[in-house]
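Only one structure is covered here, and it is reproduced in the block below.
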Amino acid sequence: MQITTITDLFHQEFGSIANKFQVTDVALSEAKQSAEPYISNPGVYVFWRPGAAIKVGRHLTNARKRALEHIRDNTAGLMAALVHDESARLMLFSAKDREDVHWVAALEIFFERRLGCQIRAARLG
């Protein structure tokens, strides 16, 4: 998995509304302190590293907060180890306008189906 794979998929499917999202890619070690615009808005998060998409999810109020909870909670018994992986990244697709939260749900489902993550969302089957 490469960052261009993720962003290309995003633009192919959501290109006409891509301006509704702020796309941020940060090293996992920097995610908590990042001051990027919109990073604490509703959005979709993608944990990834070169060669693999690890986990996709969404939060309808604060995507960064929810993403970091997966590390804290050691989701699937795998997530906590990512803090020691220097190649681990967190990509956030944050809604610029909180009223566009319905697009967040659509994007999460799209990524979940297309990225082939190592850890799948239980609610999506």
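Per the working numbering, the very first residue in the sequence shown carries number 16; after that it's consecutive. For each residue, glycine too, the CB sits at the ideal point set by N, CA and C. Small disclaimer: the values here were computed from a predicted structure and weren't measured.
Note to self: Taking the alpha carbon of R129 as the reference point, which residue from P57, F36, A67 and S44 has its own alpha carbon closest?
What the structure shows: Position 114 of the sequence shown holds residue 129. Ranking P57, F36, A67 and S44 by Cα distance to R129 puts A67 first.
Next item on the list: With D40 as the anchor, note down where its beta strand (DSSP E) starts and where it stops.
Entry: Walking along the sequence shown from the start, residue 40 turns up at place 25. Counting along the chain, the beta strand (DSSP E) containing D40 begins and ends at F36 to A42.
Note to self: On the criterion of 16 or more Cβ atoms from any shown chain inside 10 Å, does N56 qualify as buried, or is it exposed?
What the structure shows: Locating residue 56 in the sequence shown gives position 41, counting from the first residue. Label assigned to N56: buried.
Item checked: Simplified DSSP assignment, three categories, for L93 -> For the purposes of this step, residue 93 is taken as residue 78 along the sequence shown, with counting starting at 1. Here DSSP, grouped into helix, strand and coil, assigns L93 to coil.
Note to self: I need the DSSP call for G66, collapsed to helix, strand or coil.
What the structure shows: For the purposes of this step, residue 66 is taken as the residue at position 51 of the sequence shown. DSSP places G66 in coil when its eight states are reduced to three.
Note to self: I'd like to confirm the pairing. Which residues does DSSP put opposite H74 in its beta bridges?
What the structure shows: As a working note, residue 74 is residue 59 in the sequence shown. Partner(s): G58.
Next item on the list: Using beta-carbon positions only, say whether L107 and A136 come within less than 7 angstroms of one another.
Entry: Here the question's residue 107 lines up with position 92 in the sequence shown. Here the question's residue 136 lines up with position 121 in the sequence shown. For the pair L107 and A136, the CB atoms are not nearer than the 7 angstroms cut-off.
Notebook entry, point to check: Taking the DSSP output, what are the residues bridged to I134?
Noted result: Against the sequence shown, residue 134 aligns to sequence position 119. K70.
Next item on the list: Quick one: measure Cβ to Cβ for Q73 and R104, integer angstroms, because I've assumed they're closer than 8 angstroms.
Entry: Walking along the sequence shown from the start, residue 73 turns up at place 58. Walking along the sequence shown from the start, residue 104 turns up at place 89. Inspection of the sequence shows that residue 73 is occupied by Arg rather than by Gln. The pair is not a contact, with the Cβ atoms about 17 angstroms apart (cut-off 8 angstroms).
Check: Do you know offhand how far L83's Cα is from W118's?
Finding: Taking the sequence shown and counting its residues from 1, the one referred to as residue 83 is at position 68. Taking the sequence shown and counting its residues from 1, the one referred to as residue 118 is at position 103. Distance between the alpha carbons of L83 and W118: 21 angstroms.
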